Structure formats: C-alpha cells, structure tokens
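Structure first, then comments.
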Amino acid sequence: MPELPEVEVVRAGLAPAVVGARITAVDVIDERALTRHPAGAADFVSRLEGARVAAAARRGKFLWLPLEGDEQALMAHLGMSGQMLLRVPDAAPERHERVRLHVEHPAHGRLAVVFSDQRTFGSLAVDELIDTPDAAPGGFGTPLARIPTQAAHIARDPLDTAFDDAGFIATVGRRSSAIKRLLLDQNLVSGIGNIYADESLWASRIHPETPGTRLSARAVRRLLGEVRLVLEKALAEGGTSFDAQYVNVNGQAGYFSRHLCVYGLAGQPCPRCGTPIRRVAFMNRSSHFCPRCQRLRKNSL
DNA sequence: TTTTATCCCTGGAGGC
DNA sequence: TGCCTCCAGGGATAAA
C-alpha cells in the first residue's frame with residue numbers, strides 16, 4: 001500500500017524519464033481511473049496531449065507533474081494499489097492498466113508511462129496549480145510554491161523542511177482522538193498510512209488508542225522523531241512490498257517489509273520484549289502493537 | 001469544529 | 001471444483 005516512502009520512490013523513478021518530456025498521446029482504458037477529473041476522459045486527454053512535463057513533485061501521498069508554461073499539473077494518487085510504470089513504447093498492456101501516457105523525451109526517446117491499479121482507489125487528474133499559503137515550495141521535487149487544488153488541503157509531510165513541528169504538537173495536544181487516528185489524518189500530517197503509523201507508535205512505545213490530549217509535548221516530539229526515522233529507513237529500502245500491490249516504476253518490490261517490527265506480525269514476539277504482538281480492529285482496518293511495551297495508561301505520557 | 005461511520009473496489013485466502 | 005464470505009485500506013462524504 002503506497003505511503004510516503006513508496007510514493008517518493010515512484011516520484012524519484014519517474015523524474016529522470018518524464019521531466020522535459022512531451023506527452024504525445026494519452027489512452028484512457030478505464031475511466032474509473034479519472035474519478036478526480038470530473039470533466040471526463042476527453043477533457044483529460046485534450047489537456048495533456050502536446051504538453052511538456054516541467055517537474056515531478058510530491059507531498060504526502062500525492063504526486064504531480066507540473067506542465068511547462070501552464071498553470072496545470074497531472075496529479076496522481078495511487079490509492080491502495082496504484083502503480084506508475086515506465087515501459088517501452090509498444091509494451092503489452094498491464095493486467096490492471098487504466099491509463100497510458102505516450103511521451104517523447106529529448107534524451108531517452110519514446111516511452112510509455114502506465115497507470116495500473118487493481119483496486120481502483122487510485123486516480124489521475126489534470127488539476128489547476130494554486131499558491132501555497134506559506135509561500136514555501138509545494139512539495140518535494142519542486143522549488144515552486146504551487147500545489148494542485150486537490151492536494152492543497154493536506155498538511156505537509158514530516159520529511160518536508162517546511163513542516164510545522166510546533167503546530168503539529170500543539171494540535172495533537174488539543175485533540176481527544178486516538179493518536180493513531182491523528183497520525184492517519186492527512187489534514188494534520190500527510191504521508192503516513194497504516195503500516196508506518198503502527199511502526200512509529202511501536203518505536204515510541206505509545207499505545208495506538210492513547211488520546212492526543214494525554215500526550216505531553218515531549219512525547220509527541222519523540223513520536224515525530226520516530227515517524228521520521230521509520231519513513232527515512234523505509235525510503236532507503238525502496239519502500240514496503242507485501243505482494244505485487246506496490247512496485248517502483250520498473251516493477252521492482254521494496255525491501256522494508258524485512259524490517260517491520262509489528263505491522264502484520266500478530267502473534268509473533270515483539271522484537272523488544274518478546275511479548276506476542278496483538279492485532280485489533282481499528283477504524284475499519286487493523287492496529288498492531290505490543291501489549292507490554294505500548295500500554296494504554298490513564299495518566300499523561 | 002470535531003469525531004465517527006460508511007462507501008468505493010478487486011482479488012486472494014479460507015471454509016464448506 | 002465451485003461458491004460464498006471475509007479481508008486488506010486511503011480518502012471523500014455524511015451524520016452525529
């Protein structure tokens with residue numbers, strides 16, 4: 001499931017192949033891949049054909065390719081199972097191929113950029129770029145203080161140098177929601193999904209259902225530090241792959257799953273204390289934690 | 001404003 | 001073998 005590290009691996013893989021390239025043609029195979037582009041497939045195609053890609057940018061789990069000399073960008077969210085694959089121009093269709101962009105790069109020649117998505121939670125759109133409220137770059141990979149309108153509402157991610165640590169700590173301290181719910185709230189901090197939320201909370205020894213109001217500023221600062229460490233380690237390993245749902249632009253898996261301490265490891269010993277990891281239902285998904293290292297305390301942490 | 005629940009979707013796993 | 005149910009989960013939206 002693509003979270004920040006996986007999306008960043010995709011962005012970094014796409015950048016050298018598409019920045020400076022011209023989009024020569026667009027095939028929309030399945031319109032469900034355009035749920036974020038309400039004007040429809042014909043409008044999507046007409047806005048892209050002939051355009052040149054100026055950059056490859058990302059904030060949290062949102063990825064976008066600003067178009068040169070224009071106020072628009074091709075925006076992508078990979079959802080649960082979306083993939084952006086680089087292929088030779090006449091490559092056979094992928095099993096769950098939804099959209100194919102034909103591009104021509106001045107150095108690399110013709111390429112196909114394939115958006116493939118099994119569960120169809122991902123989507124592409126051509127979106128307007130607007131100014132960022134803090135005048136800092138819109139995201140990683142671009143110096144411009146611009147962001148697609150559909151990504152403008154989400155917070156910066158923890159690896160963004162413009163991330164507001166103090167604002168995050170203060171907001172968490174005011175909210176009574178479970179800390180895991182707050183970590184998954186993209187309006188508060190972006191890029192974290194179920195895997196890295198569980199891993200960061202385990203590293204911080206915080207129970208996922210601890211209310212934000214029960215966490216001291218010091219505890220939230222420590223958690224933020226662990227979030228960054230986990231994300232950076234995952235990035236260095238190429239992201240987390242459990243199956244074919246996440247691969248980089250060349251179709252290769254990441255290796256961070258070898259380093260997971262709790263996620264998906266219910267019943268297995270905690271790497272720190274040996275107590276069996278517990279899995280509980282949480283927000284229509286799963287939480288994994290060590291019942292000994294991560295106790296739910298009544299007093300503040 | 002904050003919090004919580006529901007829905008969207010596909011394919012693999014497991015039970016019968 | 002075939003059918004059925006459950007499960008995975010990011011984000012938008014509605015409801016409380």
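Counting from 1, one number per residue, gives the positions in the first sequence under UniProt numbering.
Ideal Cβ placement from N, Cα and C applies to all residues, glycine included.
Predicted model, so just to flag it, every value in this text is computed and none were measured.
Task: Cβ-Cβ distance between Ala76 and Ser123 below 9 Å - done: As a first step, residue 76 is located in the first sequence; it is residue number 76 there, counting from the start. As a first step, residue 123 is located in the first sequence; it is residue number 123 there, counting from the start. In contact: Ala76 and Ser123 (Cβ atoms closer than 9 Å).
- [ ] Pull up the DSSP beta-bridge partners for Ile130, would you.
- [x] As a first step, residue 130 is located in the first sequence; it is residue number 130 there, counting from the start. According to DSSP, Ile130 bridges with Ile147.
- [ ] Measure the C-alpha to C-alpha separation of Pro158 and Ala135 and round it to an integer number of angstroms.
- [x] Taking the first residue of the first sequence as position 1, residue 158 is located at position 158. Taking the first residue of the first sequence as position 1, residue 135 is located at position 135. So the two alpha carbons sit approximately 18 Å from each other.
Open item on the list: Based on DSSP bridge pairs, tell me the residues matched to Arg110.
Closed with: The residue given as residue 110 occupies position 110 in the first sequence. DSSP output for Arg110 lists Glu104 as bridge partner(s).
TODO: Compute the Euclidean distance between the alpha carbons of Gly239 and His259, then round it to the nearest angstrom.
DONE: If you number the first sequence from 1, residue 239 lands on position 239. If you number the first sequence from 1, residue 259 lands on position 259. Looking at the two C-alpha atoms, the distance is approximately 11 Å.
Task: Contacting residues, own chain, Cβ-Cβ under 7 Å from Ala73 (five flanking each side not counted) - done: Walking along the first sequence from the start, residue 73 turns up at place 73. Contacts found: Trp64, Leu65, Pro66, Leu67, Asp127, Leu129, Pro148.
- [ ] Go through the stretch 182 to 257 residue by residue and report every complete run of the beta strand (DSSP E) that reaches 3 residues or more, in order.
- [x] none
Open item on the list: Just list the residues that DSSP pairs Ser116 with in beta bridges.
Closed with: Counted from its first residue, the first sequence places residue 116 at position 116. For Ser116, which the question treats as bridged, DSSP gives the partners Gln83, Glu97.
Open item on the list: When you compare the CB positions of Val99 and Asp198, do they come within less than 9 Å of one another, or not?
Closed with: For the purposes of this step, residue 99 is taken as the residue at position 99 of the first sequence. For the purposes of this step, residue 198 is taken as the residue at position 198 of the first sequence. Going by C-beta atoms, Val99 is not nearer than 9 Å to Asp198.
Open item on the list: Considering only their Cβ atoms, is the gap separating Leu229 from Ile169 smaller than 9 Å?
Closed with: Counting from 1 along the first sequence, the entry for residue 169 is found at position 169. Counting from 1 along the first sequence, the entry for residue 229 is found at position 229. The answer is no: Cβ separation not under 9 Å.
Open item on the list: Nearest by alpha-carbon distance to Pro9: which of Thr275, His37, Ala236, Pro276 is it?
Closed with: In the first sequence, counting from the first residue as 1, residue 9 sits at position 9. Looking at the sequence itself, residue 9 is Val, so the reference to Pro does not match. Nearest of Thr275, His37, Ala236, Pro276 to Val9, Cα basis: Ala236.
TODO: Per DSSP, which residues does His288 bridge with? Please list them.
DONE: On the first sequence, position 288 is the one that residue 288 refers to. Answer is Arg279.
TODO: Grab the span of the alpha helix (DSSP H) containing Phe44 for me, first residue to last.
DONE: To locate residue 44, count along the first sequence from 1; it is residue 44. It spans 41 to 48 - the alpha helix (DSSP H) in which Phe44 sits, taken as one unbroken run.
Task: Given Ser116 as reference, the closest of Val28, Pro133, Arg11, Gly212 once Cα atoms are compared - done: Against the first sequence, residue 116 aligns to sequence position 116. Nearest of Val28, Pro133, Arg11, Gly212 to Ser116, Cα basis: Val28.
Task: Per-residue DSSP class, three states only, for Val19 - done: Reading the first sequence from its first residue, position 19 is the one you call residue 19. Coil.
Open item on the list: Taking the straight line between their C-alpha atoms, what separation do you get for Leu86 and Val18?
Closed with: For this step, residue 86 is matched to residue 86 along the first sequence. For this step, residue 18 is matched to residue 18 along the first sequence. If you take the alpha carbons of Leu86 and Val18, they lie about 10 Å apart.
Task: Selected residue, minimal CA-CA separation from Arg22, among Arg47, Gln294, Arg32 - done: Within the first sequence, residue 22 is the residue found at index 22, counting from 1. Comparing Cα positions, the closest option is Arg47.
Task: With 16 other Cβ atoms within 10 Å as the buried cut-off, status of Cys270 - done: Translated into the one-based positions of the first sequence, residue 270 becomes position 270. It is buried - the Cβ of Cys270 has at least 16 other Cβ atoms within 10 Å.
Open item on the list: For the beta strand (DSSP E) containing Phe62, name the first residue and the last one.
Closed with: Here residue 62 refers to the residue found at position 62 when the first sequence is read from its first residue. It spans 62 to 66 - the beta strand (DSSP E) in which Phe62 sits, taken as one unbroken run.
Open item on the list: So, with DSSP's three-state summary, where would you put His77?
Closed with: Looking up residue 77 in the first sequence gives position 77. If DSSP states are grouped into helix, strand and coil, His77 belongs with the strands.
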